[in-house]
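In full-length UniProt numbering, the protein residues as written are 1 to 255.
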């Protein structure tokens, strides 16, 4: 790399369970997209980027490290930084000053209209060690938490472990839905929706960027909204795949 050179980085958390907290060293950058969906305005990176399993981020970064040094994508853990990726700087461009990058071309269907009239859905996440789950339905039968642990099926949505015959919700094509999610566990979960992208509903009714995976920490309540514009039967699950395999899976139907 050369000082002043600009590159595009696509970060993908392909880990099973690890949450990556990432920073830049010798680089100046902007987030351009999350989960494959361009931001309306590039967001200059001034704080760590947090990616749960399945989450992605597209960055534009300018090399500001001097020739002979290295720039790094840094993994931040326990107050320390560890080089995740190294870019050796072997030269300097004649013109090292660049403007803020232009926004990426938007994807279609980026709006989520009708939030006030949207279908309301509730999803309670339960189970795991140090949780409040005493019993849940597994394969149509009520099981104690000890029985669930013995079956290696100890995560639940709305009191039910694993996939159900009926969907969490049946939505009409084009309908707007809001899902309030309560993480009643002691663990983080990366909730991933197949087939559609959503926006998080923030305080004051504002909405966040389009994503398909929401990282939630223990005790949090968050809300997402999306337009059910893709007909099919769509999985909605924790992308920490051991959690999904142990019960954290449900589905939505769009027809």
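All C-beta atoms, glycine included, are put in the ideal place defined by N, C-alpha and C. None of the values given here were measured: they were computed from a predicted structure.
Residue i - containing beta strand (DSSP E), residue span
i           : result
residue 82  : 80-88
residue 70  : 70-77
residue 236 : 232-238
residue 63  : 56-63
residue 28  : 27-34
residue 157 : 155-157
Supposed contact pair residue j and residue i - C-beta distance, whole angstroms, cut 8 Å
i           : j           : result
residue 59  : residue 5   : That belief does not hold up - the Cβ atoms of residue 59 and residue 5 are roughly 14 Å apart, past 8 Å.
residue 176 : residue 112 : 6 Å
residue 118 : residue 174 : Between residue 174 and residue 118 the Cβ distance is about 12 Å, and since that is not below 8 Å, they are no contact.
residue 211 : residue 197 : 6 Å
Proximity to residue i [Cα-Cα], best of the options
i           : options              : result
residue 187 : 251, 174 and 218     : 218
residue 104 : 57, 161 and 159      : 57
residue 248 : 153, 216 and 203     : 153
residue 160 : 181, 178, 86 and 125 : 125
residue 70  : 30, 26 and 169       : 26
residue 138 : 82, 53, 148 and 31   : 148
residue 30  : 14, 18, 19 and 8     : 8
residue 123 : 116, 167 and 13      : 167
residue 255 : 236, 242 and 231     : 231
residue 2   : 151, 102 and 95      : 95
Cα-Cα separation between residue i and residue j, rounded to whole angstroms
i           : j           : result
residue 224 : residue 75  : 28 Å
residue 134 : residue 204 : 35 Å
residue 267 : residue 91  : An answer regarding residue 267 cannot be provided, because it is not within the stretch 1 to 255 covered by the chain.
residue 234 : residue 73  : 34 Å
residue 302 : residue 110 : Any answer about residue 302 is impossible in this case: the structure gives the chain only from 1 up to 255.
residue 33  : residue 61  : 13 Å
residue 100 : residue 180 : 36 Å
residue 98  : residue 39  : 20 Å
residue 142 : residue 48  : 43 Å
residue 136 : residue 16  : 25 Å
residue 78  : residue 50  : 14 Å
residue 199 : residue 88  : 37 Å
residue 86  : residue 189 : 29 Å
residue 240 : residue 202 : 24 Å
residue 191 : residue 68  : 42 Å
residue 253 : residue 120 : 15 Å
residue 13  : residue 146 : 33 Å
residue 18  : residue 242 : 12 Å
residue 236 : residue 82  : 33 Å
Residue environment, residue i, which counts as buried when at least 16 other CB atoms sit within 10 Å
i           : result
residue 171 : buried
residue 250 : buried
residue 213 : buried
residue 45  : buried
residue 63  : buried
residue 42  : buried
residue 246 : buried
residue 80  : exposed
residue 183 : buried
residue 264 : Residue 264 lies beyond the range of the chain shown here (1 to 255); nothing can be said about it.
residue 66  : exposed
residue 55  : buried
residue 216 : buried
Run of the alpha helix (DSSP H) containing residue i, from where it starts to where it stops
i           : result
residue 145 : 145-150
residue 244 : 241-245
Check: residue i C-beta below 7 Å from any heavy atom of the ligand PLP
i          : result
residue 98 : Summarising the ligand content, the structure contains no ligands, and the ligand PLP is consequently not present.
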